[in-house]
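Input: a single structure, listed below in structure tokens.
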Amino acid sequence: METKLKNWTTQYNESEFIESEIDFFKNNKQEFLVSILWDEEREVESVTDKEIEDHFYNDEYLYITHRDQFLYDLNDEFMDYVDCEVYVEGKNMGWRNRTGCKEFTLTKGEDIFYKIAPECQLTFKIEKIKEKEYQATISHHDSPMGEYYKIKIK
């Protein structure tokens with residue numbers, strides 16, 4: 076009997092996250108009133124798309140919420156591999172499109188992000204390819220087309 080692999084994926088992408096929140100609440104204005112504004116008395120018809128956009132574009136904590144959820148996803152996925160060795164092979168890294176590899180011991184799931192990603196504004200997407208194997212893409216100012224990483228848990 077064939078077992079289907081769980082297709083796990085997560086990403087850190089601030090602008091996509093904000094846009095998806097805006098789109099969701101534009102289509103669910105009652106939810107916006109209750110969950111975001113905590114106002115059950117106000118009429119749904121009085122909520123404008125601009126009000127929703129302004130709320131999310133001006134929410135200085137939304138980025139933190141997104142990052143926390145992303146790190147939670149990583150810690151949850153990789154908790155069974157704590158104390159395991161991780162081998163990472165990267166391609167098209169930086170403005171010189173270099174290739175390289177790195178090994179480290181996983182102390183917590185978020186190491187998959189912090190030990191690979193540069194400290195800058197970026198997008199990071201990771202997905203499970205098969206058991207103990209993942210691939211990640213990172214885009215940032217020195218590599219706008221993306222760096223590609225193969226990650227293997229030993």
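Sequential numbering of the sequence shown, starting at 76, is according to this note's numbering. All C-beta atoms in this analysis are idealised placements derived from N, C-alpha and C, irrespective of residue type, glycine included. If you're wondering where the values come from, they're calculated on a predicted model, not measured in any experiment.
| Query | Result |
| --- | --- |
| Check whether Phe99 and Leu137 have beta carbons under 9 Å apart | no |
| Presumed contact (8 Å Cβ cut-off) between Val161 and Leu181, rounded CB distance | 5 Å |
| Collapsed DSSP secondary structure at Glu194 in the structure displayed | coil |
| For Gln105 and Glu94, the rounded distance between their alpha carbons | 18 Å |
| Residues near Asn133 in its chain [Cβ-Cβ closer than 6 Å; skip 5 each side] | none |
| Proximity below 9 Å, CB of Lys177 to CB of Phe153 | no |
| Assigned exposure category for Glu96 - 16 Cβ within 10 Å defines buried | buried |
| CA-to-CA distance, Lys207 to Met76, given in whole angstroms | Because Met76 carries a pLDDT of 46, less than 50, the predicted location of this residue cannot be relied on, and the following value inherits that uncertainty. Cα to Cα, the separation comes out at about 21 Å. |
| Environment of Val157 [buried if 16+ CB atoms lie within 10 Å] | exposed |
| Environment of Tyr209 [buried if 16+ CB atoms lie within 10 Å] | buried |
| Contact under 9 Å by Cβ, Tyr87 with Phe199 | yes |
| Contact under 9 Å by Cβ, Gly165 with Glu202 | no |
| Burial state of Leu112 (16 or more Cβ within 10 Å) | exposed |
| Coil, strand or helix - Lys79 by DSSP | Annotation note: pLDDT 49 at Lys79 (below 50); position unreliable, no value reported. |
| Span separating the alpha-carbon of Asp114 from that of Lys125 | 18 Å |
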